[in-house]
Structures are given as C-alpha cells and as structure tokens.
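Heads up: the structure comes next, in structure tokens.
Protein chains: 2
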Amino acid sequence: MATSLISRQLAFSLQKNVWLSASGCRYVSKAAAKTQVEFDYDGPSMTTTVPGPRSQELMKQLGQIQNTGAINFFCNYEESKGNYLVDVDGNRMLDIYTQISSIPIGYNHPALLKVMTNPNNLSTFVNRPALGILPPENFPDKITESLLSVAPSGMTRVQTMSCGACSNENAYKAIFIWYRNKERGPNTPTNEELNTSMINQAPGCPELSILSFMGGFHGRTLGCLATTHSKAIHKLDIPSFDWPVAPFPRLQYPLDEFTRENAEEEARCLEEVEDLIVKWRQKGKPVAGIVIEPIQAEGGDNHASPDFFQRLRNIARKHGCAFHVDEVQTGGGGTGKFWAHEHWGMDDPADVVSFSKKLLSGGYYHKDELQADKPYRIFNTWMGDPSKNLFLSEVLNVIRRENLLEEVTRSGKALLNGLYELQAQYPSILSRARGQGTFCAIDACDDATRDRIMLKARDKGVLLGGCGDRTIRFRPALVFKEYHVNLFLNIFNDVLAQHK
Amino acid sequence: MATSLISRQLAFSLQKNVWLSASGCRYVSKAAAKTQVEFDYDGPSMTTTVPGPRSQELMKQLGQIQNTGAINFFCNYEESKGNYLVDVDGNRMLDIYTQISSIPIGYNHPALLKVMTNPNNLSTFVNRPALGILPPENFPDKITESLLSVAPSGMTRVQTMSCGACSNENAYKAIFIWYRNKERGPNTPTNEELNTSMINQAPGCPELSILSFMGGFHGRTLGCLATTHSKAIHKLDIPSFDWPVAPFPRLQYPLDEFTRENAEEEARCLEEVEDLIVKWRQKGKPVAGIVIEPIQAEGGDNHASPDFFQRLRNIARKHGCAFHVDEVQTGGGGTGKFWAHEHWGMDDPADVVSFSKKLLSGGYYHKDELQADKPYRIFNTWMGDPSKNLFLSEVLNVIRRENLLEEVTRSGKALLNGLYELQAQYPSILSRARGQGTFCAIDACDDATRDRIMLKARDKGVLLGGCGDRTIRFRPALVFKEYHVNLFLNIFNDVLAQHK
C-alpha cells in the first residue's frame, strides 16, 4: 500500500524542492533516503495554500461544535506516511511538529499497523480495564517490557495515566502525600486532619506548595496550571495557588561561547530558588516539591546546563523537597537520549519523572518512597490505557532495531549546523539557534515575522510549530533523517530569501 | 469464536446457580437469555476462591512496580464475554460493577470487535492526532453521529477530553472564563490581570469558586478534588481551594413513602446553598458555578428529587452561577434514560454536562455562551481520542438497535423489586434499596458486613462494587437482562441466607 502511494505521488518529488531553493541545492543528499522508502514519501507536494478549500469547509462545520481558532487544517491520516502529513486538500507536508511532538516514529509506521492486525491484541482495544482494580494478565509483563525497559536511573516503579496533565497532577499528589507522611512520621492522621480534609481546610488539606519556574509548562488542569507560566492567556481567569515561581536562566547562545555569563545567570536563579524555599516555608506554605523541564519547551525552548540541574537537585535534597523532572515533551528520544535528563550525567537525577506524548500514554516514574502508602490515594477509573502500551512496546522495538537515537543525534547535528548557517546568512531575521538532538529551536526577530515565516514554510510544504514569544521549535519524529534535514533547510532557506 | 467458547464452558451453567440458591429458584427465568447467546455466557463458573493462585502470583509481580492495594484480581479479557468477566484462574463472574461502570455493552461485543477488523479504521488507532490543531477529516461527522446524536437538551457544542477528571477540570475552566468575561463586559483584560496571572495572583487568577456538595465525587486532580467530598483518604494531604460545600439531601427510601420528610430535607439543603452563595460572595470568592451529580455515586448512591434539581437550577440562574451536571457515572444509559438528568423533565437542565466512562472518552457538552472566547484557553495535546469515538458510534448503534434503554428500565424494575424483597426478608442485614434503571444500590448494616457479603458473592460468581460507607452499588452493562437479574438475585439470596 505504502509503495503504491509513493508511486502515485512521485510527480512532486525532491526535484521540486531543489527548484524551490533560491541558493541552490547545497543541502540535498539523496543517499540517506533509502532506509525510509518503505513507509515514507520522498518530498512535500503542495496543491493549494494551507488551509485549502476543503479544510476551510470543514472548519466551518466544526465551528458549529467547537472553538476552531487553533486549528491549522484538517488531515488525511490514512494517506500520511512517515515524516509526511497529508491534508484533506491533497497537500503533503514534511512534518517537523508531529502533533505537538507526540508522534514518535512517523505516521502509519508498519510496525504499529501490525499491532492492529494481530488478533491477539483485539481484546486489549475493545475492553478497556479499570487498571487499578482489575488489570489484565499481561499487565505486569507489558509494563516491564515497555515503560520499565526505559526507566530513568534509580527508578523501578511507574504509574500510568491517560494524559500529560493527569500525570503531573498525580505526581504532585504523590509528592504531597510523601511530604506529609515524612512530617507525620510514625503517627497516623488525626481526626482533625481527616475531618478538615473533607471541607478543603487545613490541616487535612495543608498549605503545601510546588516550586516551578517562570516560562515553565506542566499542563492546564488547575494543579498543573499553578506551575505553568508560559503565556498569560493560558492562566487568565483561572483560580490558582499561591505557590513560588523562580526565574529560569535566560542563557545566551551558543552556550559554549557564553560560559561565564551563563554560569552567572544560572547562579542567580539558583540563589533565588533557595530564597523562595525559605520564604514560602516562613509563610507557612512549605515547598514539598520542585518541578522543572530539562528544556523549557512551550515557554520558548530555554536550555540550562547540566551543572544547573545538578545544583538544583542538590538544593531540593538539602531542603527536603522532591525533585520532579517533567519529561512530557523532552522524553522519548528527541534529544538524542531517551530522556533529556540523561544529558546531565547523574546517577540520581530525580525523585519523579513524568511523561506522555511520544510515550503514547501518560504516567510517571518515581522512587520507592514516593509510592502512596495506601490504595485509592492515587487512583482514577482507567489509570492509563493498555492499548497504548502495546503500541509503545513496538515503538521501543523500532527505536532499538533502527538505532533511532543515534539517527536523532546525527540529524540533530545537521539541523543545528544548518540553523547556525542560516542565522549567519540572515542575521536580521534569525538568532539564538539552539538544540539537543533534533529538539532544536531558533528565534525570529519578532512574533509577526516568526508567524509569517512559518506560514510561508507551510505553503511550501514544511509544517513547523512555534513556542515562547518568537521562537520556532523543531519537533520531528525519531525517523527524521539527515535527508529530511536537508530537504527542510532548502525550503527554509528559500522562505528566508523571499522574506521581505 | 464466541459460540465455541460457550460450548466449551457449558458445563457450569444456570443449573449450578439454581442449586446454589438456598430458597429455591423463584427468580430463574430462562426465556430472556436467548437474545444474549451470541456473545454471552449462560452463568458464572467458579473454580477457586478469588483472588485465585495465579492472581496472587501476578499481584506479587505488580507489587514490585505499583501499589496493588486496590486490586481485586487479574483478568482474562480475551475470554470475557457479555456480562461475564473471566479471571486468570478460570473463574467466570457475572459482572455487576463493569470496570467501575465504564463498560457500556459488555465484554468483547461483536459490534466493537468489528470496528477493530475494519481496515478503514486502522489509521485512527495508529495516528493519534492533536485534535485541537490538526483534526482528521471525519472528525466533525464522527462527533455529530456519536456524541452530538445524544446531546443533552439545549446543547449543540461538545469538547472531548481524555478522561473524566480532565473533563471536569476543563469544564470548570470554561465556567471561570465565562464568569469573568461576563463581569468584564466589553472590556479587554487589563495589563495587571495579564501580569498577575503569570504568578498565580489576583486579579489575573481571581478568587472564584465552584460550589459542590458533601458526598459528591468529581475526580481526583487538584481542581476536581476541591469539589470531591466522598472519603477523607481521597483528599488528605492535598492542598485545596477554599470553596463552599453544601449538604446533599439525605433522603429516606423508598422515596414515595417519605415524600413530606424528603421535601423538607431538600428545602433545608437548598436554603443552605443560597446562604453559601451569598457568604462566599461576601468573602470575595464568588461562586462561578455549581457542580452536582444527578445521583451521588461514589458518595453512596444518594438520590434527590426532580423538584430539588429544578429548584437548584433556578438558584444557579438567579445568582448568575453556571449549572454543571456531572454525568460521568450516571451518563450513558444505566438509569434507563441516556442521561440521568432527563428524569428531571426539564427543557433547560444545565449549562454544562460532563461525561466519561460508558462514553469511552471524556468530555463535556455546553451552552454556546460557555465556549471559551479564544483558542488555547481550553486546550491540551490530545483533547480526546478519535479511536474511542469510533467505538462510541457502534455502542450507540447497538443501544438503538437493541432498545437497550427499554431493557435497562425492565431489568432495573426487576432488580429493584428483588432488592425490596431481599431487604424485607433480611431486615437486620439490608436496608434502603433504591435506584433508577439498573443504577441501583442497597445498604448493609455496617461496612464490615457489606465487605463480607461482597466477597462471598464474588466467590459464588457475582462481582459487585461498594460505595459510600456501607452501600453496595449495582452498575451492570446495558446488556444486563432480566435473566441476569434473576441469576444475581438467586446467588445473592444464597449469600444472605448463609450470612452469620
């Protein structure tokens, strides 16, 4: 099927992109394409501007049901393959955003289609269990061969959840329970605690806090949202908790050219973290946990050094706060390691690591002592979805079999080097290229320019995502090869050359 | 396949249950079984006590990974059919709890298996979209033929979410946004609002509240948990909001025998609701919304009259609060109507209706004016899961084709009448039988007795759930026929007769 699709659509191929490139084809290399051919197209193919007429029609239809303000276009997922997303107007785009970074190995990967056609798997899809009370026989094995096979250092326990927000919400709950149990020691909860908890009052519902960072993003449910500080529109009008917000380092890029300045900035932020912990303890709202992303994603792809994270982890330990690393967007291989925190080189990187997106369902790993002491304290009806774990097992097999983390490292280097070249070539438009693996970003001079460039790139067959105020973020699938990097750089170069 | 399974396991059949029944077979009627035969077994079949040895072995294995304190036993979902859940030790139980009320038409229903084997559906399972930005072509149609075809009165808009908690969290957000926009009128948010929102402070994050009811359950994430008041252990140690909690009527059953007393109790609660609304407004934490279940489920299956809900709805209207009906557990047909609030007979029952469980994914319907004014205010990566909507379409087809709501009404009457008889026969053990459709409950004399009865019933092949302090709740699938009611009543009668 994939082969016939490819031959049907061969007309618009790499050649078109070479033609599109204003400054010639210096990035194009066909050799690397070969391994992809089975389930990938060989280039974008555009027939309309985007959104095209069919997308606009559907937008009107959906507008009767939902707010469609965020919708880019409607998709033909059947025809999408590998790194290419096909829309309902027949446009085929190189997808470097991958459903907000949630498609691990491309569209319609044969290994995942096989999961669907295996009759042994039918029942897992059709009978969604209440995992917390009636798990299927293969649940311990499936979780061991999928999630636990990639568990962060020092962690042998994992709790699945349905999505990223629920993962962080429940991780925070586990932190609060752990913190209060530490304080309580061998004592059982008092009647006063039990009674006041029923009406949302202290001491049963204590005034504990989670320290988060300006620019951080951890989800949009009320608990998560109290630790999210990416954009005002996400938070406006929603009641919140008086929890401390520390500055996240604003580093200068490339990192290795500003070592001294960046170290000073990181020291400033760490000092503020300790001050806030002390201040909130004095306020009677002690910090039970610190939550942070290894790379702030929604907030604008902000990096910090391994040294910063090591020191922060030590501060957490010193003050008795749990250290929660949110890998919802960074986890799953995009940085060239399965977890971005592996770049820190620590044996004991965290107490809690949450995930979702590329892992296909949500959840969090945790240290033994972070497991709730009683049943039903961390609980809901579904507690995840075993059908998503079936897919994850296959994703992990493909990652291992095809050495995709090495591929990501290789493609990532090519991508970052290309971005360096482009910002050198267009210094009035682009700056601050940065990244780890293919988890890269570059800033435009302002938000209007950023948006215009992204729309132009889309009309030329490249789908990108924005983040922060004026950042373009790159979030390709793990099957994004050097060949695709070159395709992208050609098109992007062309967009920039035409940009007024 | 289903047929061969049935013949393989015919050995333990209805006859066994007749034998089990101490007081004879007065409830047994074979005729009603016929329509079920295609995908249902014809009786429980027990080979070990539950959990059996294989379950216990798996419990140890999973105990290395998670807290297993809530786990009943491990299941063989492949062999489970219709109303029967099969465990890993070969025990086959009549399931009257259905994964905490989340299995709408039984296990391995042929209509759902067909969804899986239709090649046109493959891509929907394999490519999970970010629905808020890149929906599939068929999304408006699928949502129209599934969720909107059963939309509550007066609602044409629905927002899907992944689970029940996320549904309520986002419904609350929609309520807060609506409430502040009403207050704001034609003005845009001030800079002070935008800036303070980023650090969780008023006026950007205003001190608004949601009024909920003692005994209510709306989920366990931090926002939901502030409106949940079922058990202290669910809330202990988790920071919360200072939101008002009203008393839910404690009615006497059967309802029609205590009309006057119950009306007084409901009036008392409604008065308290109005007092709380005034009090919280004076506190500077105005009530933006009222959230309530049509029947309090986790809190102990507490009912209130249509009159109570009508008056409450009017109070909400009078004070400018949104009226949010949480149908996560009651929705989907178990009460004999698709939504429990349909029993109130109102044209304008609610501003928001949330759902999950039997609807297979979460979400909420809402009035037009409750739609967020801007994109990304109600948003997350997945915003639901179209593969669950595929199943839901089929579930709705089966409900219509097989008149399952009528069946539920019929089975429900038989069930409730049976419970009345049993509480008359065993007044020292059972009381307060109540229900709507098959959404029934009965109280034991104390929690230890309740738990012991449930375990004994399980060992005899009937799986039940508890709620509240000492309540047994009945949550069968919609394919639970009078035949199954009689099977259950026989076994339950036997348990009670043997109970010391």
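Protein sequence lines correspond, in order, to chains A and B.
Note that this note's numbering has the first sequence beginning at 8, numbered continuously upward.
Note that this note's numbering has the second sequence beginning at 8, numbered continuously upward.
Cβ coordinates follow ideal geometry from the N, Cα and C atoms, glycine included.
All values reported here derive from a predicted model rather than from experimental measurement.
Note down, in chain order, every chain A residue with its Cβ under 8 Å from the Cβ of P213/B.
Ordered by position in chain A, the residues that pass the 8 Å Cβ test against P213/B are D244 and P246.
Residues near L503/B in its chain [Cβ-Cβ closer than 8 Å; skip 5 each side]
Counting only Cβ-Cβ distances below 8 Å, and skipping sequence neighbours, we find L429, Q432, Y433, I436, L437 and I460.
Does the stretch 344-362 of chain A touch the stretch 287-302 of chain A, meaning 3 or more C-beta pairs lie closer than 8 Å?
The stretch 287-302 of chain A vs the stretch 344-362 of chain A: in contact.
CB-CB length for V84/A against Y114/A, believed under 8 Å:
Sequence check: residue 84/A is Tyr here, not Val. The Cβ separation is near 7 Å, so the contact holds.
Under 6 Å Cβ to Cβ from V405/B, same chain only, skipping five residues before and after it: list those, please.
Excluding the 5 residues flanking it on each side, V405/B has same chain C-beta neighbours closer than 6 Å at I112 and A118, in chain order.
Can you tell which of S363/B, L154/B, G339/B and I140/B has its C-alpha closest to the C-alpha of C170/B?
For the residues S363/B, L154/B, G339/B and I140/B, the minimum Cα distance to C170/B belongs to S363/B.
Distance cutoff 7 Å, beta carbons only. Does C170/A sit that close to anything in chain B?
Chain B contact via Cβ: present.
In whole angstroms, what separates the C-alpha of C452/A from that of D458/A?
Across the structure, C452/A and D458/A are spaced so that their CA atoms are roughly 11 Å apart.
What are the residues that DSSP puts in a beta bridge with M100/B?
DSSP output for M100/B lists L92/B as bridge partner(s).
For the structure I just gave you, are there three or more beta carbon pairs, one from the stretch 392-406 of chain B and one from the stretch 122-141 of chain B, closer than 8 Å?
The stretch 392-406 of chain B, when compared against the stretch 122-141 of chain B, does touch it at the 8 Å Cβ threshold.
From T10/A to D148/A, what distance separates their C-alpha atoms?
No answer about T10/A holds up, because its pLDDT of 37 lies below 50 and its placement is not dependable.
Neighbourhood of F132/A by C-beta distance below 7 Å, restricted to the same chain and skipping five residues each side:
Cβ contact annotation for F132/A (same chain, cutoff 7 Å, sequence separation greater than five): S394, in chain order.
Note down, in chain order, every chain B residue with its Cβ under 7 Å from the Cβ of F354/A.
A small correction: the amino acid at residue 354/A is Asp; Phe does not occupy that position in the sequence shown. Result: empty, since nearest Cβ-Cβ is about 21 Å, beyond 7 Å.
Taking any Cβ of chain A, which residues in the stretch 392-406 of chain B have a Cβ under 7 Å from it, in chain order?
Those would be none; no residue qualifies.
Do you know offhand how far E272/A's Cα is from N309/A's?
Looking at the two C-alpha atoms, the distance is approximately 13 Å.
Check whether the stretch 325-341 of chain A and the stretch 468-475 of chain A touch, using three or more Cβ-Cβ pairs below 8 Å as the test.
Touching, no, given that fewer than three Cβ pairs across the two stretches are closer than 8 Å.
Look at P58/A and R99/A and say whether their C-beta atoms are less than 7 Å apart.
With respect to the 7 Å criterion, P58/A and R99/A are not classified as neighbours on the basis of their beta carbons.
Pairing CB atoms from the stretch 151-170 of chain A with CB atoms from the stretch 72-91 of chain B, are three or more of them under 8 Å?
At 8 Å Cβ cutoff, the stretches touch.
Spatial neighbours of I110/B within its chain, please: C-beta separation below 6 Å, excluding the five flanking residues on both sides.
Counting only Cβ-Cβ distances below 6 Å, and skipping sequence neighbours, we find A484.
Contacts that W250/B makes with chain A (C-beta to C-beta distance below 8 Å)
Counting only Cβ-Cβ distances below 8 Å, W250/B has contacts in chain A at N207, in chain order.
What does the Cβ neighbour count give for V285/B, buried or exposed, with the cut at 16 atoms within 10 Å?
Of the other Cβ atoms in all chains shown, fewer than 16 fall within 10 Å of the Cβ of V285/B; this residue is therefore exposed.
Find the nearest neighbour of V492/B within the set L422/B, D450/B and K463/B, judged by alpha-carbon distance.
Taking only the C-alpha atoms, the option nearest V492/B is L422/B.
The stretch 240-247 of chain B contacting the stretch 172-186 of chain A, beta-carbon criterion three pairs below 8 Å
Judged by Cβ distances under 8 Å, the stretch 240-247 of chain B makes contact with the stretch 172-186 of chain A, as three or more pairs qualify.
Quick check on F183/B - is its C-beta less than 7 Å from some C-beta in chain A?
Nearest CB-CB separation between F183/B and chain A: below the 7 Å threshold.
When you compare the CB of K180/B with every CB in chain A, is at least one pair closer than 7 Å?
In terms of beta-carbon proximity, K180/B lines the interface with chain A, with at least one pair separated by less than 7 Å.
For E176/A, which residues in chain B fall below 7 Å Cβ to Cβ?
Going along chain B in sequence order, the residues near E176/A (Cβ under 7 Å) are T228 and L229.
Could you tell me which residues DSSP pairs with C447/A in its beta bridges?
Partner(s): G442/A and F481/A.
Which residue from L319/B, G89/B, T197/B and K180/B puts its Cα closest to that of P256/B?
Relative to the Cα of P256/B, the nearest Cα in the group L319/B, G89/B, T197/B and K180/B belongs to L319/B.
Are the stretch 78-97 of chain B and the stretch 86-93 of chain A touching, with three or more C-beta to C-beta distances below 8 Å?
No, because fewer than three Cβ pairs between the stretch 78-97 of chain B and the stretch 86-93 of chain A fall closer than 8 Å, the two stretches do not touch.
Any chain B beta carbon closer than 7 Å to P159/A:
No, P159/A lies away from the interface with chain B (no Cβ there is under 7 Å from its Cβ).
How about W250/B and I297/B: do their beta carbons lie closer than 7 Å?
Contact flag unset, no.
Since L411/B and G340/B should fall inside the 8 Å C-beta cutoff, what is the C-beta to C-beta distance between them, to a whole number of angstroms?
About 6 Å separates the Cβ atoms of L411/B and G340/B, confirming a contact at the 8 Å cut-off.
For L69/B, report the span of its beta strand (DSSP E) as first-last.
Counting along the chain, L69/B falls outside any beta strand (DSSP E), though it belongs to the alpha helix (DSSP H) covering P60 to G70.
Note down the Cα distance separating T203/A from C212/A, rounded to an integer number of angstroms.
Straight through space, the alpha carbons of C212/A and T203/A are spaced by roughly 7 Å.
Between the stretch 78-94 of chain B and chain A, which residues of the former have a C-beta closer than 8 Å to a C-beta of the latter?
From the stretch 78-94 of chain B, only I78, N79, F80, F81, C82, N83, Y84, E85, S87 and L92 have a Cβ closer than 8 Å to chain A.
If you reduce the DSSP assignment to three classes, tell me which class R33/B lands in.
Unreliable positioning characterises R33/B in this predicted model, as indicated by a pLDDT of 45, which lies under 50. The coordinate reading is nonetheless provided below. Three-state result, R33/B: coil.
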